[in-house]
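> Supplied in structure tokens, the structure appears directly below.
In our numbering, the protein residues as written are 14 to 643.
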């Protein structure tokens, strides 16, 4: 079974190697800025204070060993080992150009000075040695676009050294230093520059190249780690059939984990939206690195760096040991994954963990540590409740007035928790009475895909209704709350042109709509008048009164967007057609509010009253918070 080979390889290890760049790749195209950035990075690394063995890591160099037939076809020395460069030729070429400008100094420093060889299939009649021949004044080469860019890069390198007065001795040493540990001869203790060497066994290099470049899907940490895990040299000595079976077993378990992580309801319970990696198992490996689950020594951790490839180097460091255990490593991966599965499957753990992750109260790594330190699930649950109490305690009290509605988002964690605990309570009740398993879980995947506002239940706008403009706005906002005959009157109101007749019609409509006890501004700006509502729905109904909001929320719960009536450009009454909602998700407590679930008595469904509705809602919020002490 052929395997992709992966390791970290110092630049000095590439010297004397031979590389072939095929014509399916574009030629050398690095800009002056890209060349300068690489020079600056290497120079900064060379000057900074470093730990022993710390190195500057270049992006993966993806290669494939060429067959004898391929070497003959491309007129390469058949007796030599040639590698086809699938990805990474831009950096490989730039490093070559940097080394070529410093060749005399490198020789004087007694550093390895034989450069690796690069051959290019493009325009093969002149490409064999063009990097050796290139000069700024060589017009024959500079007229060809590939050579023009290489020539400009060479000029940029020379100019950069002149401008910066960089210490060339230090720079060359950073590029080429190599010092093996006496006890561990395979471990390079130098502070140097290294590539991630990825040797592909795929017989179709164009397919690999297309995937890495055309689709811009680079090798993820997970793919690099997978190559390490399945490398036969990391397994105990076993017969070939047993080895192959174990590799297939790990690969199958890997796929099962990735498949589960790709499920949105599972993934967005643990993670935020916006994760860019095509593979999600990287998330587990990153956590393992953060938590040092492979138990690397402090001296080993010094070598893994802080860049995007830190996670890969963590695992590479582990497998660089004398006797790394595949079983130990893979069991740690499965253990972490199974922890998340257990959280997801447990009613209370799912909701409490999901809440803390969404509120960013605790990182996922902190939660894993709490789990590992807890004696049992009950102990972990107690810790979660304590952490949630800290979040709730950081919000203003339930009696707090948010002046003029400002900073009302500070009560958002309380409103979210109210939803969470409400779902838990309902599930517990159903289990007790109907012996049912969890029939509904708060859908964090739907919640996280939308933006949420803390919205007034009873409209916060004071409508003076002193002129036809404000009167018209009020009529539009109450349209959905009245019977059909009153709706017809509102529609006809906007066809009236005479101002006095308009006022008379407004008074007639107003009289047909009963009024309830008004709310003070202070009362409107307390949590008993707030609920969670997605931003798009909130923006759509403007300053609608409770009954109109109620109709719109019920519509959204059914998957429909019910538009508020508006005036057209010519001031004519207009109602757009209902459309399908992007998401029918309405938080359970928001639905309960507009269904008057918290009301102690059956009142007018068109109004949100203080004594009956708001107070009952507040009492339920308080009761949910008190459950954290149980």
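Every residue gets a Cβ at the ideal spot worked out from N, C-alpha and C, and that includes glycine.
When you compare only the Cα positions, how much space is there between residue 381 and residue 608?
Looking up residue 381 in the chain shown gives position 368. Looking up residue 608 in the chain shown gives position 595. Using only the alpha carbons, I get a separation of about 39 Å.
> Just verifying my parser: in three-state terms, what is the DSSP assignment at residue 11?
Residue 11 is absent from the model: the chain starts at 14 and stops at 643.
> If you drop the 5 nearest sequence neighbours on each side, which residues of the same chain put their C-beta closer than 7 Å to that of residue 601?
As a first step, residue 601 is located in the chain shown; it is residue number 588 there, counting from the start. Same-chain partners within the cutoff: 432, 435, 436.
> Would you kindly work out how many angstroms separate the C-alpha atoms of residue 521 and residue 413, rounded to a whole number?
Reading the chain shown from its first residue, position 508 is the one you call residue 521. Reading the chain shown from its first residue, position 400 is the one you call residue 413. Their Cα atoms are separated by approximately 39 Å.
> Determine the closest residue to residue 428 out of 55, 176, 635, 104, with distance taken between C-alpha atoms.
Here the question's residue 428 lines up with position 415 in the chain shown. Ranking 55, 176, 635, 104 by Cα distance to residue 428 puts 635 first.
> Consult DSSP for residue 28 and reduce its assignment to one of helix, strand or coil.
Against the chain shown, residue 28 aligns to sequence position 15. Residue 28 falls in the coil class under three-state DSSP.
> For residue 18, which residues of its own chain have a beta-carbon under 6 Å away from its beta-carbon, when the five flanking residues on both sides are left out?
Translated into positions along the chain shown, residue 18 becomes position 5. Taken in chain order, the residues that qualify are 212.
> Return the bridge partner residues of residue 586 from the DSSP annotation.
On the chain shown, position 573 is the one that residue 586 refers to. Residue 586 is bridged to 580.
> Note the first and the last residue of the continuous beta strand (DSSP E) segment covering residue 469.
Counted from its first residue, the chain shown places residue 469 at position 456. 465-469 is the span of the beta strand (DSSP E), which, as asked, contains residue 469.
> Measure how close the beta-carbons of residue 328 and residue 256 come, nearest whole angstrom, since I'm counting them as under 8 Å.
Mapped onto the chain shown, residue 328 falls at position 315. Mapped onto the chain shown, residue 256 falls at position 243. So it is not a contact: roughly 20 Å between Cβ atoms.
> Following the continuous beta strand (DSSP E) through residue 461, name the residue where it begins and the one where it ends.
Start at 1 with the first residue of the chain shown, and residue 461 comes out as number 448. Note, residue 461: premise wrong, no beta strand (DSSP E); alpha helix (DSSP H) at 457-461.
> State yes or no: is the C-beta of residue 167 within less than 8 Å of the C-beta of residue 74?
For this step, residue 167 is matched to residue 154 along the chain shown. For this step, residue 74 is matched to residue 61 along the chain shown. No, Cβ-Cβ distance for residue 167 and residue 74 is not below 8 Å.
> Measuring alpha carbon to alpha carbon, tell me which residue in 113, 333, 344 is nearest residue 131.
Translated into the one-based positions of the chain shown, residue 131 becomes position 118. Of the listed residues, the one whose Cα sits closest to residue 131 is 113.
> Within 10 angstroms of its Cβ, does residue 406 collect 16 or more other Cβ (buried), or is it exposed?
Counting from one through the chain shown, the residue named residue 406 turns up at place 393. The residue in question, residue 406, is exposed, as its Cβ has fewer than 16 Cβ neighbours within 10 Å.
> Measuring alpha carbon to alpha carbon, tell me which residue in 304, 346, 401, 326 is nearest residue 362.
For the purposes of this step, residue 362 is taken as the residue at position 349 of the chain shown. The alpha carbon of residue 362 has as its nearest neighbour, out of 304, 346, 401, 326, the alpha carbon of 401.
> How about residue 645 and residue 499: do their beta carbons lie closer than 8 Å?
Coverage of the chain is limited to positions 14 through 643, which leaves residue 645 absent and any answer about it impossible.
> Would the region 457-465 count as touching the region 618-636 if we require 3 or more Cβ pairs under 8 Å?
Too few Cβ pairs lie closer than 8 Å, so no.
> Three Cβ pairs or more, each shorter than 8 Å: is that satisfied between the region 66-84 and the region 92-105?
yes
> Between the C-alpha atoms of residue 341 and residue 326, what's the straight-line distance to the nearest angstrom?
Taking the first residue of the chain shown as 1, we reach residue 341 at position 328. Taking the first residue of the chain shown as 1, we reach residue 326 at position 313. Answer to the nearest angstrom: the Cα atoms are 18 Å apart.
> Assuming contact is defined by CB atoms lying nearer than 8 Å, are residue 180 and residue 23 in contact in what I supplied?
Numbered from 1 along the chain shown, position 167 holds the residue referred to as residue 180. Numbered from 1 along the chain shown, position 10 holds the residue referred to as residue 23. No, the Cβ-Cβ distance between residue 180 and residue 23 is not below 8 Å.
> Rounded to whole angstroms, what is the Cα-Cα separation between residue 125 and residue 107?
Residue 125 sits at position 112 when you count from the first residue of the chain shown. Residue 107 sits at position 94 when you count from the first residue of the chain shown. Going by the C-alpha atoms only, they are around 18 Å apart.
> So what does DSSP say about residue 33, is it helix, strand or coil?
Locating residue 33 in the chain shown gives position 20, where the first residue counts as 1. In the three-state DSSP reduction, residue 33 falls in the strand class (E or B).
> Can you give me the C-alpha to C-alpha distance between residue 565 and residue 611, rounded to a whole angstrom?
Within the chain shown, numbered from 1, the residue matching residue 565 stands at position 552. Within the chain shown, numbered from 1, the residue matching residue 611 stands at position 598. Cα-Cα distance, rounded: 19 Å.
> Taking C-beta to C-beta, are residue 65 and residue 202 nearer than 8 Å?
Translated into positions along the chain shown, residue 65 becomes position 52. Translated into positions along the chain shown, residue 202 becomes position 189. A contact, by the Cβ cut-off of 8 Å.
> Would you check if the distance between the CB atom of residue 67 and the CB atom of residue 318 is smaller than 8 Å?
The residue you call residue 67 lines up with position 54 of the chain shown. The residue you call residue 318 lines up with position 305 of the chain shown. The answer is yes: Cβ separation under 8 Å.
> Please return the same chain residues whose Cβ sits closer than 6 Å to the Cβ of residue 548, not counting the five positions on each side in sequence.
Position 535 of the chain shown, counted from the start, is the residue given in the question as residue 548. 464, 466.
> Is it right to say residue 121 is buried, meaning 16 or more other beta carbons lie within 10 angstroms of its own, or is it exposed?
As a first step, residue 121 must be located in the chain shown, where it is residue number 108. Result: exposed.
> Curious, which full-length alpha helix (DSSP H) runs of at least 4 residues does the region 424-451 contain?
425-447
> Could you say which of 280, 411, 243 lies nearest to residue 637 if we only look at CA atoms?
Taking the chain shown and counting its residues from 1, the one referred to as residue 637 is at position 624. Taking only the C-alpha atoms, the option nearest residue 637 is 411.
> Which residues bound the beta strand (DSSP E) around residue 70?
To locate residue 70, count along the chain shown from 1; it is residue 57. Segment 69-78, the beta strand (DSSP E) holding residue 70.
> What residue from 572, 578, 587, 604 has the CA that sits closest to residue 593's CA?
Position 580 of the chain shown holds residue 593. Distances from the alpha-carbon of residue 593 to those of 572, 578, 587, 604 put 572 closest.
> With C-beta atoms as the reference, is residue 34 less than 8 Å away from residue 134?
For the purposes of this step, residue 34 is taken as the residue at position 21 of the chain shown. For the purposes of this step, residue 134 is taken as the residue at position 121 of the chain shown. Contact: yes.
> Who are the Cβ neighbours of residue 247 in its own chain at under 8 Å, not counting the five residues just before and after it?
Translated into positions along the chain shown, residue 247 becomes position 234. For residue 247, where only same-chain residues beyond five positions count, the Cβ hits under 8 Å are 241, 332, 337, 339.
> Would residue 420 be called buried (16 or more neighbouring beta carbons within 10 Å of its own) or exposed?
In the chain shown, the residue the question calls residue 420 occupies position 407. Exposed.
> Quick one: residues in its chain with C-beta nearer than 8 Å to the C-beta of residue 323, no 5 flanking neighbours on either side, listed in chain order?
For this step, residue 323 is matched to residue 310 along the chain shown. Answer for residue 323: 302, 317, listed in chain order.
> Near residue 357, what residues of its chain come up, given a Cβ to Cβ distance below 7 Å and the 5 sequence neighbours on each side ignored?
One-based indexing of the chain shown puts residue 357 at position 344. Cβ neighbours of residue 357 beyond the five flanking positions: 279, 282, 363.
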